Amino acid sequence: MADSDDAGDGESDIDYTLRQDSSDNEQEEDEVDEIKATQFVEKKLREHKENVPAESGVIEMVYMRNFMCHSNLTIELGPLINFIIGHNGSGKSAILTALQISLGNKASGTNRAKSLKDMIKAGTDSGMVGVKIKNQGENAYKPELYGETLTVERHFTKSGSTTFKLKSTEGRIITTKKGDLDDVLDHFALQMDNPINVLTQDLARAFLAGSTPAEKYRFFIKGTQLETLDGDYNILEEHLDGTEAQLLTREEMIAELRQKEVEAAGRAKRAERARALEDRWHNLARQHAWAQVGEAEATLQHYEDNVTKARQQLEEYEQIAENLSVRFDSEDNAVEAAKRGVEARQENLRPLIDAHAAANEKFTANTAELMKLVAQERTIKENIKAHKKEIQRLEAQVSEERQRLAEAHGEAHERRLLKLDELKAKAARAKEALNAHRAKLPDLAQAVKAAQDGLQHAEAPVKAAEQDEARARTARDRVTREQGRKWSPYHPKMEELCRTIDRESRFRTKPIGPMGLYVQLIKPQWGSLIEKTFGNSLDSFVVSSKYDQELLQSLSRRVGCPVNSIIIARGAFDTAGHEPEDDNDTILRVLRIDEPLVKQALVINHGCEQTVLIENIDAGKSYMFDSGRRKNVRAVLTMARRAGDGQRWEWSRTGEQKVSGMPGWNGPTRMVTDRQQELELRQREVQTAQRALEDAKQDRKAALLSLNQAKQAVEKHKRETNTLNIRHQEADDEVEKLQNEIDANIPQDGRLQELENQLREVTAELEGAKAAMEDAIGAKVNLDDTARELKDAVKQAQEALDKEQILVSRDEERLSKCKEDRTEALFRKNAATDDVNRYKEHLERTQQKVLDQQAVVDDWTSEARKTSERVGIEDGQTIESLGQQLSRLQEDIKKAQRQQGGSREELVEAHLKAHNALTEAKNETKMMKQTADTLKSTLTERRRRWGLFRKYISMRTRIQFNYLLSERNFRGRVLLDHAEKKLDIHVEPDMTKASDSGRQAKTLSGGEKSFSTICLLLSIWEAMGSPIRCLDEFDVYMDSVNRAQSMGLMIQTARRSVGRQFILITPQSMSNVDLGDDVHVHKMADPERRREPGQSSLNFGPA
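Below you can see the structure in the form of structure tokens.
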């Protein structure tokens, strides 16, 4: 054929040929079958059957929102034949696309868009399409869930999300799973992705107008689902090929297993001959088992003896505890008696306290009256003095007034006025000098404030230096006192506790401590900071178990010396590889620790192997931070100016630089040091602190001198201010005095008489004050006598009170001594009680050991009886010798087993496993072979039936095609070449020609070609038997005559397809087509032509 080159395009790798029992050329089929089939088809086509709608699987409605060009469209479809018409752009094809999309098709499969979001109407963010499917009759899908109508909706958005909703008749959502939609489509056989079942606009053009024979064949083979069946059969055949290869491999494996079974049988037979050694081993094993039982029984007897001994010890300690309890009761009674004595003394003390308070109150009241009288006397004296001055003044005024009245006005008055002007000028000059001097005071006050601040700043270093000097002297004196005193840095009872630990035998591993005794300081200058870093750890003990820790705590409570303990597991411990790589000192490097567990405890708890020591602050800070995080360096300690103090430099958890001050250790030195060397260091620290104190005092002295000089300047300024102020006041007084003199020289009537009256009144008041003075002196004498008497009474009451308080203090001391005795008795009683409890626990543990050992004896006896009854032990045999003989025999048996390949039981078991493996492999291979044979025969039968399917479908298509052509008096035939994968049609429009070879489709006119292709499509549809057929724009290449004939033919063919639903889309009118009740025509509204902004209509007026 001319189009044979196109046959290789597309899916040329798929073989649609029959492998068995079928011919590749359908033109060579049996003529009898052809004739019978032709008669059967023509008879069926001529029969008139009523086209009844199907009860289920019918599309009742398609609706969409914001989909392609539609904002909101709903179209109800008829159950049989549906025509959708309308002008171009009205959205006809969108209905078919919505039907495909809602039933699960991909957007790219519709040839209308690459993705769903491209189908959303412009200007909106989401869209929805849906269909309603008829769900009635016997073939309904889950009618109890969905009802008579099953609704499928698909929602999608611009973001690319998509969801399905399957609803019931009432609109209730049943499921949203895509798999459930696939089940619905399979149930109703709705093949919406079948290119023949649903011919979209592009596919319709391709099939009707320009399809090649190879393309027609692909449409045919896909539409009839033969391609899917053939693919499944190919997969099954590949599986069978793999099974055949496995069977060949398994035959080789069975041969290997058979050889292994033979070899295992030989080894098992040889193992039966090596039982003599095993018999001897079993005999010795029985003796060994009963020997162990005997040893366990001896241990049991030892434990029972220990129980008896523990009971005796418990009774002794219980008697001791009882005696100490009696003593405690006695001491407690003594305390109660002493309390009662103290209370009685205190009762006697209360009246004396009240009497002393009363006497003291009277004395205080008398003293207050006396002070009040003294103040009154002082006031009277001042009044007398004031009256005397007033009398002198009045007498002078009287004399002056008398003289003034004797004088007359003259030259004296003029001299007074001139003198007044001079005095006023002098007063103004004095005031200016005073104001200028006062302006200097703020600067002098500021100088005093600055000097005071300087002195205050100088005081703090003096106090700090005094504290440092006192601390240094205390540390030096402490070192002097502690020379030769090993236990002085620790708790007063630490030595007693250590002796108690040494005597105690119940420790599993004896505690080590206090740790300070095991740490020797090589460089004393770092002692204060290292002691501060280790803290209470140097007072602690190292133990190796929780049991030892609890026992140590019990001993410490009994002795009265509280201690801490650190549990450290014994084992290898090495800091190599964990210390800084350089040679700088670390805490660990300046210490000598001979006890490994102490070193381990300090390293674990304080990281001393990674704490670097650098004296200079700047050098230490640079070392820690300038090079980032150094390997194996946790922190750096540096020394501060104050002796013993320092700083700690480290990285924080958040990666930030961190520094914290470290005050020195104020307690005694607990680490082992060279005392002479340490004493010299402390002496140097004292000297340094004394020098620092002297320097601070000199600075304070200088600051004090500055302050005194500033204050002296202020005082001098005040004196000068007072002097200037006095000068100013004197000048003003002179002015005022002269002014008064001038005013006084003016005669005034009655003034002399008034002054004389005032003089007489003041004289009388003076006489009254003198009389009051005499009365006050007499009252004061009386109060002094009373005060002496009251003071003697207070003294006597105080002496009686002091005497009674001495007795009370003596009784309180006796009470305190009784309490101490009771406390000691209580401590001893509690210690004895602890001993009783401890020995009770010891007895319980010993009894438990007896029970445990009895269980061991019973268990071992039971195990030994499983081998044999009790047997005697051969002379000279022990558990160790029996064990050695068993080991030698075991080695001999293992050697024999190695030579044989295992023990007798193992070899018998290996033979059984080999036999079972061979049998199992044979059975599995047999079953695989049977399964493969069954699959082969099944595949052969299915291939044969597939060939029959293709044969009858092809035959039906050809016959249907010939019949449909005859409706227009055409002749033709369908040429199917399965080997070449081609389908072509030959049509002869002229019935008068004798030859029926016809012409190829490409030689026909456009109308004839379209009509012939429609006939082919209808023939394939009838061969398929699909419940729904969709075709879009099938008549675009037809003229009105061919279109009318094709339309009529399609309607007639659709009516013969009883129960099938057709959806046909055309842009042409249906006015010239005869329609019936089973045909529904849906006309789409004309498309809206929206004018874009800036557009305007053209005016087509007459030229």
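Sequence positions in the sequence shown follow UniProt numbering and run 1 to 1103.
In this text, a Cβ means the ideal position worked out from N, Cα and C, and glycines have one as well.
Since the model is a prediction, treat every value here as computed from it, not as a measurement.
(message) Helix, strand or coil, according to DSSP, for phenylalanine 83 in the structure here?
(response) On the sequence shown, residue 83 is found 83 positions in, with the first residue counted as 1. The answer is strand: DSSP assigns phenylalanine 83 an E or B state.
(message) Rounded to the nearest angstrom, what separates alanine 337 and aspartate 305 at their Cα positions?
(response) Taking the sequence shown and counting its residues from 1, the one referred to as residue 337 is at position 337. Taking the sequence shown and counting its residues from 1, the one referred to as residue 305 is at position 305. Cα to Cα, the separation comes out at about 49 angstroms.
(message) Between which two residues does the alpha helix (DSSP H) holding glycine 127 run?
(response) As a working mapping, residue 127 is identified with position 127 in the sequence shown. From DSSP, glycine 127 is part of no alpha helix (DSSP H) but of the beta strand (DSSP E) over 126 to 135.
(request) With a cut-off of 8 angstroms on the beta carbons, I'd call methionine 192 and methionine 128 a contact; round off their distance for me. (result) By one-based count along the sequence shown, residue 192 stands at place 192. By one-based count along the sequence shown, residue 128 stands at place 128. Going by Cβ atoms, the distance from methionine 192 to methionine 128 rounds to 18 angstroms, so no, they are not a contact pair.
(request) Put glutamate 504 into one of helix, strand or coil per three-state DSSP. (result) The residue you call residue 504 lines up with position 504 of the sequence shown. In the structure shown, glutamate 504 sits in coil (DSSP, three-state: anything other than H, G, I, E or B).
(request) Have a look at the DSSP bridge pairing and note the partners of glycine 109. (result) By 1-based counting over the sequence shown, the position of residue 109 is 109. Answer by DSSP bridge pairing: none, since glycine 109 is not bridged.
(message) Considering just the uninterrupted stretch of the beta strand (DSSP E) at isoleucine 593, what are its terminal residues?
(response) Position 593 of the sequence shown holds residue 593. 591 to 593 is the extent of the beta strand (DSSP E) around isoleucine 593.
(request) Return the first residue and the last residue of the beta strand (DSSP E) that arginine 1029 is part of. (result) Here residue 1029 corresponds to residue number 1029 of the sequence shown, with the count starting at 1. That run of the beta strand (DSSP E) goes 1028 to 1032.
(request) Note down, in chain order, each residue of its chain lying with its Cβ closer than 6 angstroms to the Cβ of leucine 236, except the 5 sequence neighbours on either side. (result) Here the question's residue 236 lines up with position 236 in the sequence shown. Closer than 6 angstroms at the Cβ level, and outside the excluded window around leucine 236, lie Leu939.
(message) I'd like the span of the beta strand (DSSP E) that includes glutamine 657, first residue to last.
(response) The residue you call residue 657 lines up with position 657 of the sequence shown. It spans 657 to 662 - the beta strand (DSSP E) in which glutamine 657 sits, taken as one unbroken run.
(request) Could you check which residue in Trp651, Lys795, Ala396, Gly644 has the C-alpha nearest to that of lysine 362? (result) Numbered from 1 along the sequence shown, position 362 holds the residue referred to as residue 362. Considering only alpha carbons, the answer is Lys795.
(request) Give every residue of the same chain whose Cβ lies closer than 6 angstroms to the Cβ of alanine 793, excluding the five residues on either side of it in the sequence, and list them in chain order. (result) Against the sequence shown, residue 793 aligns to sequence position 793. Closer than 6 angstroms at Cβ, skipping near neighbours: Ala359.
(request) Kindly indicate which residue of His717, Gln313, Val293 has the alpha-carbon position closest to the one of serine 444. (result) The residue you call residue 444 lines up with position 444 of the sequence shown. Sequence inspection shows leucine at residue 444; the serine mentioned does not correspond to that position. Considering only alpha carbons, the answer is His717.
(message) Give me, in chain order, the residues of the same chain whose beta-carbon lies closer than 8 angstroms to that of leucine 811; leave out the 5 immediate sequence neighbours on both sides.
(response) By 1-based counting over the sequence shown, the position of residue 811 is 811. In the sequence under discussion, the amino acid at residue 811 is aspartate, which differs from the leucine named in the question. Correct list, in chain order: Ala338, Gly341, Val342, Arg345.
(message) Quick check on the burial criterion: 16 or more other C-beta atoms within 10 angstroms. Buried or exposed for lysine 829?
(response) Indexing the sequence shown from 1 puts residue 829 at position 829. By the 10 Å Cβ count, lysine 829 comes out buried.
(message) With distance defined between alpha-carbon atoms, name the residue in Arg286, Gln1061, Asp354 nearest to asparagine 51.
(response) For the purposes of this step, residue 51 is taken as residue 51 along the sequence shown, with counting starting at 1. Considering only alpha carbons, the answer is Gln1061.
(message) Among the candidates Gly223, Asn323, Asn105, whose CA atom is the shortest distance from the CA of threonine 833?
(response) Indexing the sequence shown from 1 puts residue 833 at position 833. When each option's Cα is compared against that of threonine 833, the closest is Asn323.
(message) With H, G and I counted as helix, E and B as strand and the rest as coil, what does DSSP make of glutamate 26?
(response) Within the sequence shown, numbered from 1, the residue matching residue 26 stands at position 26. Residue confidence for glutamate 26 is low, a pLDDT of 46 falling below 50, so the modelled location carries little weight; the figure read from the coordinates is stated next. Of the three classes helix, strand and coil, the one that applies to glutamate 26 here is helix, per DSSP.
(message) Quick check on the burial criterion: 16 or more other C-beta atoms within 10 angstroms. Buried or exposed for valine 374?
(response) By 1-based counting over the sequence shown, the position of residue 374 is 374. Result: exposed.
(message) With a threshold of 8 angstroms, are at least 3 pairs of Cβ atoms found where one atom belongs to the stretch 503 to 521 and the other to the stretch 542 to 561?
(response) yes
(message) Can you give me the C-alpha to C-alpha distance between isoleucine 566 and glutamine 549, rounded to a whole angstrom?
(response) Taking the first residue of the sequence shown as position 1, residue 566 is located at position 566. Taking the first residue of the sequence shown as position 1, residue 549 is located at position 549. Taking the straight line joining both Cα atoms gives about 8 angstroms.
(request) Closer than 6 angstroms by C-beta to threonine 786: which residues in its own chain qualify, once you throw out the five before and the five after it? Chain order, please. (result) Reading the sequence shown from its first residue, position 786 is the one you call residue 786. Counting only Cβ-Cβ distances below 6 angstroms, and skipping sequence neighbours, we find Asn366.
(message) Is the beta carbon of histidine 728 closer than 7 angstroms to that of lysine 431?
(response) The residue labelled residue 431 in the question sits at position 431 within the sequence shown. The residue labelled residue 728 in the question sits at position 728 within the sequence shown. Contact: yes.
(message) Suppose you measure from the CA of glutamine 446 to the CA of leucine 707; what does that come to, to the nearest Å?
(response) Translated into positions along the sequence shown, residue 446 becomes position 446. Translated into positions along the sequence shown, residue 707 becomes position 707. One C-alpha to the other measures close to 11 angstroms.
(request) Check alanine 289 in the structure and name its three-state DSSP category. (result) Against the sequence shown, residue 289 aligns to sequence position 289. Helix at alanine 289.
(message) Is the beta carbon of phenylalanine 67 closer than 7 angstroms to that of leucine 116?
(response) If you number the sequence shown from 1, residue 116 lands on position 116. If you number the sequence shown from 1, residue 67 lands on position 67. Cβ atoms of leucine 116 and phenylalanine 67: not closer than 7 angstroms.
(request) Have a look at Gln246, Thr249, Asn194 and flag the residue whose alpha-carbon is nearest the alpha-carbon of threonine 228. (result) By 1-based counting over the sequence shown, the position of residue 228 is 228. If we check each option's Cα against that of threonine 228, Asn194 comes out closest.
(message) Measuring only the C-alpha atoms, how far is lysine 1083 from glutamine 1068?
(response) Stepping through the sequence shown from its first residue, residue 1083 is reached at position 1083. Stepping through the sequence shown from its first residue, residue 1068 is reached at position 1068. Each residue's Cα considered, the two are about 10 angstroms apart.
(message) With a threshold of 8 angstroms, are at least 3 pairs of Cβ atoms found where one atom belongs to the stretch 638 to 645 and the other to the stretch 613 to 620?
(response) yes
(message) Would valine 326 and cysteine 818 be called neighbours here (beta carbons separated by less than 7 angstroms)?
(response) Against the sequence shown, residue 326 aligns to sequence position 326. Against the sequence shown, residue 818 aligns to sequence position 818. Contact flag unset, no.
(request) Please state whether DSSP places histidine 578 in a helix, a strand or coil. (result) By 1-based counting over the sequence shown, the position of residue 578 is 578. Correct three-state label for histidine 578: coil.
(request) Measure the CB-CB distance between arginine 250 and leucine 918 and report whether it falls below 7 angstroms. (result) For the purposes of this step, residue 250 is identified with residue 250 of the sequence shown, where counting begins at 1. For the purposes of this step, residue 918 is identified with residue 918 of the sequence shown, where counting begins at 1. For arginine 250 and leucine 918, no; Cβs fall outside 7 angstroms.
(message) Taking the beta strand (DSSP E) that leucine 588 belongs to, which residues open and close that run?
(response) If you number the sequence shown from 1, residue 588 lands on position 588. Per DSSP, leucine 588 belongs to no beta strand (DSSP E) and is neither H nor E.
(message) Does the contact criterion of 3 or more C-beta pairs under 8 angstroms hold for the stretch 378 to 387 versus the stretch 688 to 701?
(response) no
(message) If I measure Cβ to Cβ from proline 1102 and keep anything under 6 angstroms in the same chain, skipping five residues before and after, which residues do I get?
(response) Walking along the sequence shown from the start, residue 1102 turns up at place 1102. Below a pLDDT of 50, predicted positions are generally treated as unreliable, and proline 1102, at 46, falls in that range; the measurement from the model is reported next regardless. Correct list: empty, nothing qualifies.
(request) Consult DSSP for asparagine 194 and reduce its assignment to one of helix, strand or coil. (result) Taking the first residue of the sequence shown as position 1, residue 194 is located at position 194. Coil at asparagine 194, not helix or strand.
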